[in-house]
Every structure is written in C-alpha cells, then in structure tokens.
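Residue 300, in the working numbering, is where the sequence shown stops; the numbers in between run on with no holes.
The structure under discussion appears below in the form of structure tokens.
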Amino acid sequence: MNRYPAKILLFGEHTVLLGGKALARPLYKFFGSWNYKKTEISRALEDFHNYLSKQAELTNYLDLVEFGKEISKGLFFDSSIPIGYGLGSSGSFVAASLHRFSKKGLKQLNEPELQKVLATMESYFHGESSGFDPLIIFEDSPILIEHGQCHVNVNCNFPDFDYTMFLWDTGISRSTNPLVLEFLTHSKDLEFRLKLETHLIPPIDAAIDGMIKFDFKKVFQAMTDISIKQYQFLPFLIHNRAMEFWTSGLESDYFKVKLCGAGGGGFILGMTSNWNKLCQNYSNMHFIKLS
Numbered sequence: 010m011n012r013y014p015a016k017i018l019l020f021g022e023h024t025v026l027l028g029g030k031a032l033a034r035p036l037y038k039f040f041g042s043w044n045y046k047k048t049e050i051s052r053a054l055e056d057f058h059n060y061l062s063k064q065a066e067l068t069n070y071l072d073l074v075e076f077g078k079e080i081s082k083g084l085f086f087d088s089s090i091p092i093g094y095g096l097g098s099s100g101s102f103v104a105a106s107l108h109r110f111s112k113k114g115l116k117q118l119n120e121p122e123l124q125k126v127l128a129t130m131e132s133y134f135h136g137e138s139s140g141f142d143p144l145i146i147f148e149d150s151p152i153l154i155e156h157g158q159c160h161v162n163v164n165c166n167f168p169d170f171d172y173t174m175f176l177w178d179t180g181i182s183r184s185t186n187p188l189v190l191e192f193l194t195h196s197k198d199l200e201f202r203l204k205l206e207t208h209l210i211p212p213i214d215a216a217i218d219g220m221i222k223f224d225f226k227k228v229f230q231a232m233t234d235i236s237i238k239q240y241q242f243l244p245f246l247i248h249n250r251a252m253e254f255w256t257s258g259l260e261s262d263y264f265k266v267k268l269c270g271a272g273g274g275g276f277i278l279g280m281t282s283n284w285n286k287l288c289q290n291y292s293n294m295h296f297i298k299l300s
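Right under this line is the structure:
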C-alpha cells in the first residue's frame, strides 16, 4: 500500500457508545503517503517516535530503530486528509506507520490484538483511542461494529445509479473529544438515552443493513428518519452553519443529510435521489460525490 486513505463513519456516530451498530469504510477521495524532505527533519514524526519508544508493548511489532533512521533522512507523512473533520487523519498516519515499519510478530496477531496495537499508537493524538479508525485504514476494508466487536471485510459500496451519497464541507474544523464528552454527558439522562435507543438506533440499524445489502432505497428511507431524529435529539452536535441546509433537507423529498462523525462542523453526510437537481438548486455550495 503506497497511499493510505481517509476513513468515513457512515452510520452509528455516538450511538455506538450506547451499544448500537456502526459502519465505516475507507474513503479514497483523500489520502496520505510517505515522502522525504532532505533538508528538513519532521519534528512531528520525532515527537511521535519518542512516544512510541516509551510504549513497551509495541517493541515486538514495530521496528523503531528503522523508523528513527528514516526520520533522520527527512521522512514525513504527506497528507491531503483535512484535520479536524473526522476523516481519520491521525488514523491514516498511524496505519501508515505500522504498515511500513512493522515486524514479523505483527502477523501473529488476531484482529482484536491488532486493533489494540493501533489504539496504543493513536492514543498519542487523542489521549485514548479505540483503534477503530487506523484498523479500517490498515486493513483497507469496510468495518462493521456490532456488539462491541469489529467485523472486517463486510460489503459496503456507495450507490451508483438511483441514489448518490455526498459530503458537504461546513468549513469548520473541530475536535472530536469535546463533542463525544458532551454526548456522553447528555446520555447520563435516562430519558434522553431512551429516546435514542427507541427512535434513533433503529433507523441507523436499518441504514447499515441497507448498505450491506446494496438496498439503497432502504438506506434513503432510513436517512430520512436519522436526519429528523438527529435534528430533534442532537441539535448540540449540529453546527449553526449547517442548520439551514439541514432543515431544507428535512423539507425536501429528494435529499437528506446527517452527521458525519462527531458533528460540530467538519463534513455533513448527505444522500440524494436527484444529484443534478441538488447541484443546480445549491450551485453556490461545494459537494463531494461519493462513488
């Protein structure tokens, strides 16, 4: 693998923390790759390498000596993945590091053990990581989370014909952790939690089932419910800049939008039954077609 893609969490943001399903896959619109600057040493890589060197559990799986030598030669990670958009910029970097500098011992690990190694590495960026994002990129595969377990190599393609999925950029970068903490704080309210479990998780499960079975009519119907319920129950995760477009989708019969990742800015994920009409009616907005 020479290019390490972004990742996109299609369905299940936040509610996966309540035991719900989640579906994510690599996103090849953005990627990172290794490169060299002979006249400059990457301080970011040096700091990352210093952190890894202190994690004793990584010594059997990561060749830190070779990693350090390449850093001294000017190695750096050249990435087009926007930071603070929930597309796995740190996950791509971590997956690339393990892929390039792995030891033979890594091949003996099962999926949960591999995820734990990746989580330890990515914790440098987030304080605590599930390892979910870098696992998607390392395996270069869609992943379904169900009952807390990651299932690799599930079916998950974007629609090609009657429906189109797309991203819209709010223009606002954000940090994931504060948004997750705010969601978890709300979730301590049993009434709030019951609303999500009763009204939001079922359409999320339906959307995931539709994606896996390539039933995009079912996905679009589920998107309608998800958009409504996120607007009702999770308005604190929807940036003000997205509200007008979001409500237009609620009133429309041909496009719907939802959170993409943690929310609070970044990208908004949408789905439409009429791509040309969407682009004509919102010609002042930049959409990224997912296909």
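C-beta: ideal position from N, C-alpha, C; glycine also.
Item	Value
Take residue 10 as the anchor and find which of 101, 50, 89 has the nearest alpha-carbon.	101
Pick out the complete alpha helix (DSSP H) segments inside the stretch 121–165, 4 residues or longer, and give them in chain order.	141–148
Excluding the five sequence neighbours on either side, which residues of its own chain have a C-beta within less than 8 angstroms of the C-beta of residue 250, listed in chain order?	179, 180, 181, 274
Using 10 angstroms around the beta-carbon of residue 268, count the other beta-carbons present and answer buried if the total reaches 16, otherwise exposed.	buried
Leaving out five residues on either side along the sequence, give the residues of the same chain with a beta carbon under 7 angstroms from the beta carbon of residue 237.	259
Give the secondary structure of residue 90 by DSSP, where H, G and I count as helix, E and B as strand, and everything else as coil.	coil
Quick check: what's the CA-CA separation for residue 286 versus residue 173?	12 angstroms
Under a Cβ-count criterion, where at least 16 other Cβ atoms within 10 Å of its own Cβ denotes burial, should residue 122 be classed as buried or exposed?	exposed
Taking 8 angstroms as the cut-off, does the stretch 187–194 touch the stretch 214–223 (at least 3 CB pairs, one atom from each stretch)?	no
Would you verify that the beta carbon of residue 184 is, or is not, closer than 8 angstroms to some beta carbon of chain D?	Structure shown: chain D not included; a single protein chain is present.
In angstroms, rounded to a whole number, what distance separates the CA positions of residue 144 and residue 150?	9 angstroms
Using the beta-carbon count (16 or more within 10 Å), is residue 184 buried or exposed?	exposed
So the beta strand (DSSP E) residue 234 belongs to, where does it begin and stop?	Unbroken run through residue 234 is the alpha helix (DSSP H), 225–242; no beta strand (DSSP E).
Based on Cα-Cα distance, which residue from 295, 290, 271 lies nearest to residue 189?	271
Could you tell me which whole beta strand (DSSP E) segments of length 3 or greater appear in the stretch 28–111?	31–45, 84–88
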